[in-house]
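Here the structure is laid out as structure tokens; the discussion comes afterwards.
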Amino acid sequence: MKKRILALVLAQLMAVSGVISICADEESRVRASLEANEEALSSTRSALYELAVKKEEIQETINSLNSNLVDLMVQIEDAELQITETEEKIATTESDIEDTTAALEEAEANRDDQYDSMKKRIQYIYENGGNVGLMIGILESEDLTQFLGKQEYAEQLETADRDQLDELKATVSEVEELKSSLETQKEELETENGYLKAQKEDLDTQKEDLNTQIAENQSTSDDYAYQIEVAQEQAAALVSVISQQNQRLEEIEEEKQAEALAAAEAAARAEREAEAARRAAEEEESEDEDDEDNPTRPIYRLT
Numbered sequence: 012m013k014k015r016i017l018a019l020v021l022a023q024l025m026a027v028s029g030v031i032s033i034c035a036d037e038e039s040r041v042r043a044s045l046e047a048n049e050e051a052l053s054s055t056r057s058a059l060y061e062l063a064v065k066k067e068e069i070q071e072t073i074n075s076l077n078s079n080l081v082d083l084m085v086q087i088e089d090a091e092l093q094i095t096e097t098e099e100k101i102a103t104t105e106s107d108i109e110d111t112t113a114a115l116e117e118a119e120a121n122r123d124d125q126y127d128s129m130k131k132r133i134q135y136i137y138e139n140g141g142n143v144g145l146m147i148g149i150l151e152s153e154d155l156t157q158f159l160g161k162q163e164y165a166e167q168l169e170t171a172d173r174d175q176l177d178e179l180k181a182t183v184s185e186v187e188e189l190k191s192s193l194e195t196q197k198e199e200l201e202t203e204n205g206y207l208k209a210q211k212e213d214l215d216t217q218k219e220d221l222n223t224q225i226a227e228n229q230s231t232s233d234d235y236a237y238q239i240e241v242a243q244e245q246a247a248a249l250v251s252v253i254s255q256q257n258q259r260l261e262e263i264e265e266e267k268q269a270e271a272l273a274a275a276e277a278a279a280r281a282e283r284e285a286e287a288a289r290r291a292a293e294e295e296e297s298e299d300e301d302d303e304d305n306p307t308r309p310i311y312r313l314t
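Residue numbers (the working numbering): 12 to 314.
Okay, here's the thing in structure tokens:
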């Protein structure tokens, strides 16, 4: 009887102990996994911070490049405006040169007419007894310039002819100077225009280079943004797993407490049952002893 009760009590205690051992093993596994996940979460958060810093730095670079690009675009617009203005000035100057060329041709034509008239007047003077040397000088001269170089002949002209000649020289010289000035002005404008176009080409090259840099940096920034998104998802997943593991540890702790309580109750119950068995055994032994002390019992016989 005692052995049977003791075996039953031990079986109950071993069952409770087995459950507690299983809980302890699971707790150990969960805690090990939790520690690994917390380390992974810490690493992920560090990586997130580094990525955020790099993304901020590259964004500052992009902002600076965009600012430079805006300045370049203003310079390009100003250069384009100057080029347009210079080309308009060149067109105006070319028109003035055309007008001046026409005026010069007209002045030269008037000069030639006056020169022919002078030759006719001098010839008239010669035919009427004038200076033979002057006539020879005129006839030998190929043009007015060569004739005017012969000072000895020019001095023999009448005052009116000299005045007309001086006026002719002044007109032709003035128109020639104006034309020369306009042509110089046109050359200067074309030189300036060439410089402005070269400057604009350089600005366009800088603009293209800046756009390339901005695109490259934006691509890097987008890559950082993608990595941040992935890391955030990983961190969120780890946080979820860690939360679940902490919850499971709380459940295990509750289960351990419940099993400990059950074990305590089982131990108390076993102790009570053992005590009851002990007392029953003592009472049985006491009855056996009483029987041994009083061996005579009434004997009833049938008659």
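Backbone N, C-alpha and C define an ideal beta-carbon position, used for all residues, glycine too.
Span separating the alpha-carbon of residue i from that of residue j
| i | j | result |
| --- | --- | --- |
| R56 | A246 | 7 Å |
| N204 | E105 | 14 Å |
| A292 | R280 | 18 Å |
| E88 | N222 | 17 Å |
| A118 | M84 | 50 Å |
| A120 | E198 | 27 Å |
| S192 | R122 | 21 Å |
| A287 | A275 | 18 Å |
| S39 | E282 | 32 Å |
| A181 | T103 | 26 Å |
| S297 | R289 | 12 Å |
| A43 | A269 | 23 Å |
| K130 | A113 | 25 Å |
| E294 | A273 | 31 Å |
| E265 | Q258 | 11 Å |
| A226 | S54 | 30 Å |
| T216 | S75 | 18 Å |
| V183 | A209 | 39 Å |
| S128 | E99 | 43 Å |
| S78 | E244 | 34 Å |
CB of residue i within 9 Å of CB of residue j, strictly
| i | j | result |
| --- | --- | --- |
| T111 | L189 | yes |
| L52 | L249 | yes |
| Y235 | L45 | no |
| T95 | L200 | no |
| I263 | E68 | no |
| I108 | E185 | no |
| V41 | Q256 | yes |
| L207 | Q93 | yes |
| I73 | Q238 | no |
| K267 | A47 | no |
| Q346 | S251 | Outside the displayed range of the chain (12 to 314) lies residue 346, so it cannot be described from this structure. |
Whole-Å CB distance - residue i paired with residue j, under 8 Å assumed
| i | j | result |
| --- | --- | --- |
| E91 | K218 | That pair is no contact at about 12 Å. |
beta-carbon residue i near the ligand ATP non-hydrogen atom, thresh 8 Å
| i | result |
| --- | --- |
| N222 | With respect to the ligand ATP, the structure offers nothing, as it holds no ligand at all. |
Close-in-space but distant-in-sequence residues of the same chain around residue i (CB under 7 Å, 5 per side omitted)
| i | result |
| --- | --- |
| A58 | A242 |
| D82 | none |
| E49 | I253 |
| G140 | Note on G140: pLDDT 49, under 50, position unreliable in the model; the coordinate value appears next. Correct list: empty, nothing qualifies. |
Other residues of its chain near residue i: CB distance less than 6 Å, five sequence neighbours each side excluded
| i | result |
| --- | --- |
| Y60 | none |
| L80 | L221 |
| Q162 | With a pLDDT of 43 at Q162, under the threshold of 50, the predicted position of this residue should be treated as unreliable, though the coordinate-derived value follows. The answer is none, since no qualifying residue turns up. |
Cβ-based neighbour list, residue i, same chain, cut-off 8 Å, excluding 5 preceding and 5 following
| i | result |
| --- | --- |
| E187 | L115 |
| A101 | Correcting the residue type first, residue 101 is Ile in the shown sequence and not Ala. For I101, where only same-chain residues beyond five positions count, the Cβ hits under 8 Å are K197, L200, E201 and N204. |
| K65 | Y235 |
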